[in-house]
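Novice: In my numbering, the protein residues as written are 7 to 539. Ideal placement from N, C-alpha and C gives every residue a C-beta, glycine not left out. Quantities reported herein were computed from a predicted structural model and do not represent experimental measurements.
Shown next as structure tokens:
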């Protein structure tokens, strides 16, 4: 007989009748078909669980809703990995097919009926999942999930010193307290400025020689702008907390960064207005009427903006330090009764810096201690390896150093500003090296596109590695989960998904250091560093 295009012979005993031989052949074929079908199902489920990132999350939903045993094979065989496909199945019934079975006299009617009953049960369960999980973010497009992502797992203190601290820390109480304190301080500054203008007529310009108000009275625009800016800055700071709670941390970060840029430009406008209004020959080139009074604050804002954009893990410390210094300066220079309040605010700001540094050190030490305990067994094993195979380790180090030096030379050239400008002028393709993240990037910056490509090549890539791998055995791994990839993109890569270079991965397991050395040598001999980039 022929089964799936393959031919075979079924041998029967001489004394078996035709009916017995036919029955045996049917049993053999049916057993073979069941075995083949089971292997196909296992392969489909394996691919769905290991290499389909959205499928992995769909199975998590099934486990959370206690529908895994009923539906995991059903989902894998039909590649149900999105809400659209899930919704399409939930609206389908088996009424038409059931009627067809009732009208026929097929001997497999009992099997068909059982299949239809399972299908109806599956459709009902899927409809329940669609209803209960319609708002689950795991069903959203990945680029949308990235923009909405909230890193609730981050430690509030450690987040203040992370590479994306302005966004990740906003969800936690320590950063929110810092922002609230800064916002209330700014509003207090604004109230003091308004009270000062009303009490002393300082809103009007003063003649530098006579120390009296100019006639006719002229409003010093920069003072009005300064009081307005203080209230505006405070409101924007406090609104960032509300935005992080009711919208997304990304939008809250945009509010904070945008407010700093807005205040900077408005301070520049205020300073320029002073230069326009004041006549140095007539009024004297004094700081209160020359725009120089705004330069200190402008410089402070520029410093903060630099840290926010390029060295964000120090941003909170720098903001609190400069804020405290500014308060202490006012507290020591003004003669009003509010000077003591400014001194207290300045001391509190510096205390915040001390608390951040101390608490971060303690949290970091505790985390390092827990990691050290978890890695204790590995470290003991590694110490034994070092004591027994130090020569081999030196050889491995030398082999890897050659690769590292070649890669460093390439990255140094690609990081050169002149090289990047020259490439653009010559119309070459933009470099895939990210100076900011110190990573070789993917071609695409779309998280959805990257995972589609990872889904396509994951299984084939691991099989390919298994074919050319010179030593040891290959342990096939999973595609990186969507949740972990989004978290890493936000925490470490400044929301640039193209820096995700480990979506597809597998592990090579060897038995000895000698095999590691041989593996490194053979891989180095048949590969090139930074080729095609």
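How many angstroms separate the CA atom of residue 319 from the CA atom of residue 377?
Specialist: 22 Å
Novice: How long is the line joining the alpha carbons of residue 490 and residue 146, rounded to whole angstroms?
Specialist: 15 Å
Novice: Figure out for me which residue from 266, 260, 276 has the closest Cα to the Cα of residue 229.
Specialist: 276
Novice: What residue range is occupied by the uninterrupted alpha helix (DSSP H) comprising residue 426?
Specialist: 423–431
Novice: May I have the straight-line CA-CA distance separating residue 404 from residue 380, to the nearest angstrom?
Specialist: 30 Å
Novice: Just to check, is the beta-carbon of residue 73 closer than 8 Å to a non-hydrogen atom of the ligand SAM?
Specialist: With respect to small molecules bound, the structure shown includes none, and the ligand SAM cannot be examined in it.
Novice: Using only CA atoms, which one of 49, 173, 239, 86 lies nearest to residue 67?
Specialist: 86
Novice: Out of 316, 317, 329, 322, state which residue places its alpha-carbon closest to the alpha-carbon of residue 306.
Specialist: 329
Novice: List the whole-angstrom C-beta distance separating residue 78 from residue 464, where the pair is believed to meet the contact cut-off of C-beta under 8 Å.
Specialist: Not a contact, Cβ separation roughly 19 Å.
Novice: Straight-line CA distance for residue 128 to residue 76?
Specialist: 7 Å
Novice: Look at the Cβ atom of residue 270, then the Cβ atom of residue 311, and state whether they are nearer than 9 Å.
Specialist: yes
Novice: Using a Cβ-Cβ cutoff of less than 8 Å, which residues in the same chain neighbour residue 91 once the five nearest sequence positions on both sides are dropped?
Specialist: Excluding its 5 nearest sequence neighbours in each direction, residue 91 has C-beta neighbours in its own chain below 8 Å: 84, 85, listed in chain order.
Novice: Going by Cα to Cα distance, which pick from 211, 336, 369, 321 is closest to residue 259?
Specialist: Looking from the CA of residue 259, the closest CA among 211, 336, 369, 321 belongs to 321.
Novice: Tell whether a beta-carbon distance below 9 Å holds between residue 468 and residue 482.
Specialist: yes
Novice: Assign residue 139 to one of three DSSP states: helix, strand, or coil.
Specialist: Coil.
Novice: Drop a sphere of 10 angstroms on the beta-carbon of residue 54, count the other beta-carbons inside from all chains shown, and report buried for 16 or more, exposed for fewer.
Specialist: buried
Novice: In angstroms with no decimal places, state the Cα-to-Cα distance between residue 341 and residue 315.
Specialist: 37 Å
Novice: Could you pull the DSSP bridge partners for residue 479 from this structure?
Specialist: Within the DSSP bridge table, the entry for residue 479 names 515 as partners.
Novice: Please classify residue 520 as buried or exposed, where buried requires at least 16 other C-beta atoms within 10 Å of its C-beta.
Specialist: So residue 520 counts as exposed.
Novice: Distance check for residue 164 and residue 182, CA to CA, integer angstroms please.
Specialist: 14 Å
Novice: Given residue 327, which residues of its chain have a CB within under 6 Å of its CB, disregarding the five upstream and five downstream residues?
Specialist: 359
Novice: Leaving aside the five residues before and after residue 152 along the sequence, list all residues of the same chain whose C-beta is less than 8 Å from its C-beta, in chain order.
Specialist: Excluding five sequence positions before and after residue 152, the CB atoms of its chain that fall closer than 8 Å to its own CB belong to 453, 492, 495, 496, 501, 503, given in chain order.
Novice: Exposed or buried, which one is residue 383 when buried takes at least 16 other CB atoms within 10 Å?
Specialist: With fewer than 16 other Cβ atoms within 10 Å, it is exposed.
Novice: What are the boundary residues of the alpha helix (DSSP H) that includes residue 184?
Specialist: 179–206
Novice: Specify whether the segment 526–536 and the segment 189–205 touch according to this definition: at least 3 beta carbon pairs, one from each stretch, less than 8 Å apart.
Specialist: no
Novice: What span of residues does the alpha helix (DSSP H) with residue 346 cover, start to end?
Specialist: 345–380
Novice: For residue 73, does the three-state DSSP call read helix, strand or coil?
Specialist: coil
Novice: Name the residue from 195, 346, 198, 156 whose alpha carbon lies nearest to the alpha carbon of residue 178.
Specialist: Distances from the alpha-carbon of residue 178 to those of 195, 346, 198, 156 put 156 closest.
Novice: Could you compute how far the alpha carbon of residue 424 sits from the alpha carbon of residue 507?
Specialist: Spanning the two alpha carbons is a distance of roughly 26 Å.
Novice: For the alpha helix (DSSP H) containing residue 498, list its first residue and its last residue.
Specialist: 488–498
Novice: Touch check for the segment 25–45 and the segment 429–446: three-plus C-beta pairs under 8 Å?
Specialist: no
Novice: If you draw a straight line from the C-alpha of residue 478 to the C-alpha of residue 517, how long is it?
Specialist: Straight-line measurement puts the Cα of residue 517 at about 7 Å from the Cα of residue 478.
Novice: So, with DSSP's three-state summary, where would you put residue 282?
Specialist: helix
Novice: Kindly indicate which three-state DSSP category residue 445 falls into: helix, strand or coil?
Specialist: It is a strand residue.
Novice: Return the first residue and the last residue of the alpha helix (DSSP H) that residue 3 is part of.
Specialist: Residue coverage of the chain in this structure runs from 7 to 539, which leaves residue 3 outside it and unanswerable.
Novice: Nearest to residue 236 by alpha carbon, out of 224, 223, 265?
Specialist: 265
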